[in-house]
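First comes the structure, then the notes that go with it.
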Amino acid sequence: MTGEFIPGSYGGDPARISDAARLECKICWHVYDPARGDDYWQIPPGTPFSQLPDHWTCPECDASKNGFMVIED
Ligand SMILES: [Zn+2]
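Using our numbering, the first residue of the sequence shown is number 97, and each one after it goes up by one.
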């Protein structure tokens, strides 16, 4: 087995992400913080990651939402 299971990873299932969870891009380390929203995509503060539009991608590197993983506090 070469694959690593990361307990906090997004795994493509939005139901696993809490509304307050911050997520980090695995490519460029950009952090999406729901408390701040996203100026690039004009996402208002208070928007959970699971509520981002389907076309949302990383503002820094254009990675899809599947490329993000939950940050464990
Ligand atoms: Zn990125």
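Virtual Cβ for every residue (Gly too), placed ideally from N, Cα, C.
Secondary structure remark: continuous beta strand (DSSP E) runs of at least 3 residues inside the segment 125-169, in chain order: 164-166. Within the same chain, Cβ atoms closer than 6 Å to the Cβ of ILE139 are found at GLY133, the five residues on either side in sequence being excluded. Note that the C-beta distance between PRO144 and ASP115 is below 8 Å. Taken atom to atom, the span from the alpha-carbon of GLU156 to that of ARG112 is near 24 Å.
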